[in-house]
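Worksheet: the structure to be examined is printed underneath.
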Amino acid sequence: MSVLTRTAIRPDRHSNAHDAFARDVIDGLCARQKHLSAKYFYDAAGSRLFEEITRLPEYYPTRTELGILRARAADIVGPVEPGSVLVEFGSGAATKVRVLLGAVPHISAYVPVDISVDFMNGQATRLMRDFPRLDVLPVAADFTGPFELPAPARGRPLIGFFPGSTIGNFEPREASAFLRRAGHILGPGASLIVGADLVKDEAVLHAAYNDAAGVTARFNLNLLARINRELDADFDLDAFLHRAFYNRARARIEMHLVSLVRQRVRVAGHTIAFDADETIHTENSYKYTPVRFASLARNTGWTRRAMFTDADRYFSVHALIAK
Ligand code: SAH
Ligand code: AVI
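Numbering (the numbering used here), first residue to last: 24 to 346.
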């Protein structure tokens with residue numbers, strides 16, 4: 024099969040994905056507390072900015088989870104039948120999967136699933152070059168809804184992989200819905216490896232989302248730039264400020280964009296009014312305790328086989344099996 028036939032198809036301006044984006048943005052900006060879904064951070068520019076975030080000294084989750092995977096890959100994946108397929112939800116730069124593939128030779132196919140289609144296709148091409156015997160079968164999908172696995176992956180033993188604490192970007196009820204949906208997609212007998220960031224010292228959390236180089240601020244503001252690019256909007260990026268803080272009562276980092284002045288913005292034919300200091304809530308990043316994550320898994324059709332953490336207990340990797 025050629026590389027081209029293996030890359031996922033990208034939605035265009037007339038697609039359902041574009042219409043859903045426009046609808047969600049207008050609905051969110053018309054709400055009393057203005058909000059935008061964090062899944063829209065990830066156009067090609069947003070994916071590149073997220074990769075920059077993962078290399079920041081303050082952003083401990085990526086290097087900590089990578090450390091856990093490097094130290095314990097074979098134990099984390101557990102027993103693997105020959106011909107097994109690894110399905111990664113929100114594959115991004117597909118860095119962590121390389122550690123699993125290096126340690127577990129029986130995996131014969133990899134299905135990256137991502138909403139950021141161009142970025143995913145680029146990473147899939149690199150992976151095919153580096154692992155020539157691996158079947159790479161990208162799926163362009165929004166995993167908050169149903170989607171199908173590619174035909175060659177069906178009927179084979181499946182291992183789900185959901186690293187990065189992307190699960191933390193869901194509301195608790197969305198996290199439950201996701202874990203149930205993953206159970207249906209992967210089917211009986213499947214296993215699922217989930218990375219979840221842990222509750223910790225507030226100063227460490229605060230710094231991770233307020234880096235000195237301002238990359239997280241650029242990542243947050245790129246959402247407005249994306250809306251300008253794709254929805255004929257006229258956000259002035261200099262009139263909004265990045266704000267991130269830890270909400271202890273809800274055990275989550277909240278990211279907002281603060282309007283510096285009273286202003287009006289045109290978005291897809293609508294006029295949106297902002298007061299000075301009014302915010303758009305753009306992301307939650309929930310932090311778990313090991314106990315709370317175990318109970319989430321148990322209530323959504325999974326049993327925890329094992330949990331792995333680092334020495335500081337900053338991050339957790341959970342190996343789940345379908346009940
Ligand atoms: N797994 C990688 C990347 C995590 S960043 C890692 O651990 O480093 C989150 C990834 O999930 C991004 O690549 C983003 O494009 C993707 N993503 C976010 N919301 C999504 C959604 N609703 N459906 C599919 N992919 C999504
Ligand atoms: C992808 N996700 C788990 C990241 C997080 O930490 O919540 C996204 C991010 N937002 C700001 N920095 C990184």
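Idealized CB from N, CA, C, for every residue including glycine.
In this text the structure is predicted, and so the values were computed from the model without any measurement.
Please tell me whether, using a cut-off of 6 Å, the distance from the CB of residue i to the nearest non-hydrogen atom of ligand 1 is below it.
{"i": "S282", "result": "no"}
{"i": "F338", "result": "no"}
{"i": "Y23", "result": "What is shown of the chain runs 24 to 346, which leaves residue 23 out entirely."}
{"i": "D165", "result": "yes"}
{"i": "Y232", "result": "no"}
{"i": "S107", "result": "no"}
Pick helix, strand or coil for residue i, following the three-state DSSP scheme.
{"i": "F185", "result": "strand"}
{"i": "A158", "result": "Residue identity check: residue 158 is Asp in the sequence provided, not Ala. In the structure shown, D158 sits in a strand (DSSP, three-state: E or B)."}
{"i": "K119", "result": "helix"}
{"i": "V26", "result": "Its pLDDT being 41, under 50, V26 is placed unreliably by the model, and nothing is read from it."}
{"i": "G218", "result": "strand"}
{"i": "A345", "result": "strand"}
{"i": "T57", "result": "Note that residue 57 corresponds to Lys in the displayed sequence, not to Thr. If DSSP states are grouped into helix, strand and coil, K57 belongs with the strands."}
{"i": "D42", "result": "helix"}
{"i": "S139", "result": "coil"}
{"i": "N144", "result": "helix"}
{"i": "R79", "result": "Going by the sequence as given, residue 79 is Leu instead of Arg. DSSP places L79 in coil when its eight states are reduced to three."}
{"i": "T239", "result": "helix"}
{"i": "G191", "result": "helix"}
{"i": "K223", "result": "coil"}
{"i": "A213", "result": "coil"}
{"i": "R149", "result": "helix"}
{"i": "Y63", "result": "helix"}
Just list the residues that DSSP pairs residue i with in beta bridges.
{"i": "V340", "result": "G218, F331"}
{"i": "Y133", "result": "L109, V159"}
{"i": "A278", "result": "Reading the sequence as shown, one finds Met at residue 278 and not Ala. For M278, which the question treats as bridged, DSSP gives the partners A267, E306."}
For ligand 2, is there a heavy atom less than 6 Å away from the beta-carbon of residue i?
{"i": "N39", "result": "no"}
{"i": "S60", "result": "no"}
{"i": "G187", "result": "yes"}
{"i": "E76", "result": "Strictly speaking, residue 76 in this sequence is Ile, with Glu absent from that position. Yes, the beta carbon of I76 sits closer than 6 Å to at least one heavy atom of ligand 2."}
{"i": "N192", "result": "yes"}
{"i": "S308", "result": "yes"}
Given the structure, does residue i come close to ligand 3, in the sense that its CB is under 6 Å from one of the ligand's heavy atoms?
{"i": "T239", "result": "Although ligand 3 was asked about, the structure shown includes only ligand 1 and ligand 2 as ligands."}
Validate contact between the segment 194-202 and the segment 168-183 using beta carbons, cut 8 Å, 3 pairs: No, the segment 194-202 is not in contact with the segment 168-183.
Sequence ranges, beta strand (DSSP E) only - wholly within the segment 282-334, length at least 3: 286-290, 293-297, 302-309, 325-332
Segments of 3+ residues assigned as beta strand (DSSP E) that fall wholly inside the segment 88-115: 107-112
The segment 119-133 in contact with the segment 98-106 per 3-pair CB rule at 8 Å: yes
Touching by the beta-carbon criterion (3+ pairs, under 8 Å), the segment 283-301 and the segment 314-328: no
Any 3 or more C-beta pairs closer than 8 Å across the segment 277-290 and the segment 256-267: Contact holds: three or more Cβ-Cβ distances are below 8 Å.
Stretch-stretch touch, CB-based, cutoff 8 Å, three pairs: the segment 150-168 with the segment 78-90: no
Any 3 or more C-beta pairs closer than 8 Å across the segment 209-222 and the segment 184-198: Taking a contact to require three or more Cβ pairs closer than 8 Å, the segment 209-222 and the segment 184-198 qualify as touching.
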